[in-house]
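Here's the structure we're looking at; comments come further down.
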Amino acid sequence: MKMRKLFSILCIGVISFVTMATGVASASTSESSQTLNLSGTPSEIGEQYGELAKSAIQENLTLFKKTANLIGYSEEELIEAGTELETYLLKQDKDLIEQYKAMAEGSDVSYIDLLAFNQLEETVLGDGCTTILADGKATKKGATYYHKTRDASRGYKQVVVQVQPEDGHKFIGITSAGSSGIAMGINEHGVSVGNNVLSTWDTGSGYGNLTIIRMALENASNTQEAVGYVADIDRKSGSVYGIADETEAAFVETTYSAYGVIWVEDAAVAHTNHFIHPDMLGYEGLSDDPDDERWNWSWYISTEERLERAKELLEKDFGKLDIQRIINISEDQNGEDPTLWIDAQAVINDRAMGSVSTGTFDGSKLRMWSQLGQPSVAPAIPFDVDRPLIPMPFNSGKQSDRIEKTSSNRN
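Numbering (my numbering), first residue to last: 879 to 1289.
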């Protein structure tokens, strides 16, 4: 696979580029439920999380260690990664250390293994992800939407969490059980945040991508604040953050020391796993080398194909986009090469890869539509920030019955 069209972006409408360089718990059903309601101090949230998602966390850490070994991480290197995260947090965020300790105790897993999982999750899972921002004239009703399809190794347990931190905004989101970060979510002010992994040579000491998403949800009241928060925080690696509220949307491409903002106005824009901001292209870490080992086990292999297919589908629906149509994009099976598109099931270097969850967000309704599993067969379940439990008709009945009733819950 070659980086043939590095600046491949859907551009319908107005896109503005900005660049800067910077030096009490309950579950809906039972233990390890897919929906968790967490509140309190960081330590209390960690304890609740660990107890409610115990078996899912255990399964994820077991799979994580097996996968890490498959792609070349030794036990010593995993311990080193966990220790590296602990060292950073002891200086910057002792509350998060307490959360990890409480989560490890609550779920009966190794503390250092949990740290390693959170330090290396996106790398080892082979996260890819395809995201969409749609605003204004690109949509049916002049709305603003954010969507993320999370592509990764299949088998990792996904959970929906509603969190009311002691100090911060309430939010609801989706993540892998055991992660203190959030893969995608929306807060009580209608701010939605998610990300795509970007490969870059510009790395350093800082917070992981998913942790930054969670912190932005806790701290931002609108898109402008969230963009500023992501731009100012210590970041350890490459990522692009999709951010939207009721009226504004932006992608923020980041590395350890730099960031670029793509403001989306009256446009529909897709993003995958390579830099597209003109001033950020020099931070690209992907190469044309066919021997680059990342092509063997991650979703980087399809970054261009996924972007091109997303562009095609968004162009087709420009001016008509709503929640239903955006969810349909995540369920698409008709790309030129289905094994490389969003909802694909593929085996890469003996690893089962595919879409493990999606989130589609409407800030005006404080709502997230979540699909846990392969989008083409998983119902899009509506969750409000203040309604974390799985609503009817999705909490009972056959899968086929739920799918038939999905569309009426999408708008």
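Note that CB positions come from ideal geometry on N, CA and C, so glycine has one too.
- Secondary structure at residue 989: helix, using DSSP grouped into helix, strand and coil.
- Straight-line spacing of the CA atoms in residue 970 and residue 1251 works out to 35 Å.
- Within the stretch 928-974, complete alpha helix (DSSP H) segments of at least 4 residues are found at 932-948, 953-970, given in chain order.
- Fully enclosed beta strand (DSSP E) runs of no fewer than 3 residues occupy 1117-1122, 1127-1132, 1136-1143 of the stretch 1105-1146, in order along the chain.
- For residue 1255, the three-state secondary structure derived from DSSP is coil.
- Under the 10 Å beta carbon count, residue 1160 is surrounded by fewer than 16 other beta carbons and is classified as exposed.
- The DSSP-derived three-state label of residue 919 is coil.
- When C-alpha distances from residue 1102 are compared across 1120, 992, 991, 998, the shortest belongs to 1120.
- Look at residue 1013 here: in three-state DSSP terms it is strand.
- Beta-bridge partners of residue 1026 (DSSP): 1009, 1237.
- In this structure, the straight-line span from the alpha carbon of residue 1165 to that of residue 1075 is close to 15 Å.
- Nearest C-alpha to residue 1092 among 1049, 1123, 980: 1049.
- Beta-bridge partners assigned by DSSP to residue 1149: 1009.
- Taking each of 967, 1155, 1234, 1132 in turn and checking the Cα distance to residue 1004, the smallest one comes out for 1234.
- Residue 995 sits in a helix when the DSSP states are folded into three classes.
- Around the C-beta of residue 930, 16 or more other C-beta atoms lie within 10 Å, and the residue is accordingly described as buried.
- In this structure, residue 1053 sits near residue 1060, with a CB-CB distance shorter than 8 Å.
- Out of 945, 1016, 956, the CA that lies nearest to the CA of residue 1143 is found in 1016.
- Per DSSP, reduced to three states, the secondary structure at residue 1242 is coil, with no helix or strand assignment.
- For the set 928, 919, 1210, 922, the Cα lying nearest the Cα of residue 912 is the one of 928.
- Its Cα nearest to that of residue 936, the residue 1033 stands out among 997, 1033, 922.
- Collapsing the DSSP output to three states places residue 1247 in a strand.
- DSSP places residue 912 outside both helix and strand once states are collapsed to three, so it counts as coil.
- When secondary structure is reduced to three states using DSSP, residue 1092 falls in the helix class.
- A straight-line Cα-Cα distance of about 14 Å links residue 1257 and residue 1210.
- A direct Cα-to-Cα measurement between residue 915 and residue 1186 gives close to 38 Å.
- Just so you know, the alpha carbons of residue 1022 and residue 1110 end up roughly 24 Å apart.
- Just measuring C-alpha positions, the residue of 1068, 1127, 1007, 1122 sitting nearest residue 1077 is 1007.
- Taking the CA atoms as reference points, residue 1082 sits about 6 Å from residue 1134.
- For the pair residue 1104 and residue 959, the Cα-to-Cα distance works out to about 28 Å.
- By the neighbour-count criterion, in which a residue is buried when 16 or more other Cβ atoms sit within 10 angstroms of its Cβ, residue 1130 is buried.
- Here residue 1026 is buried, its C-beta having at least 16 other C-beta atoms within 10 Å.
- Listed as beta-bridge partners of residue 1199 by DSSP are 1017.
- Within the DSSP secondary-structure output, residue 1265 pairs in a beta bridge with 1262.
- Rounded to the nearest whole angstrom, the C-alpha separation of residue 1205 and residue 1115 is 29 Å.
- Only buried fits residue 945, as 16 or more other CB atoms lie within 10 angstroms of its CB.
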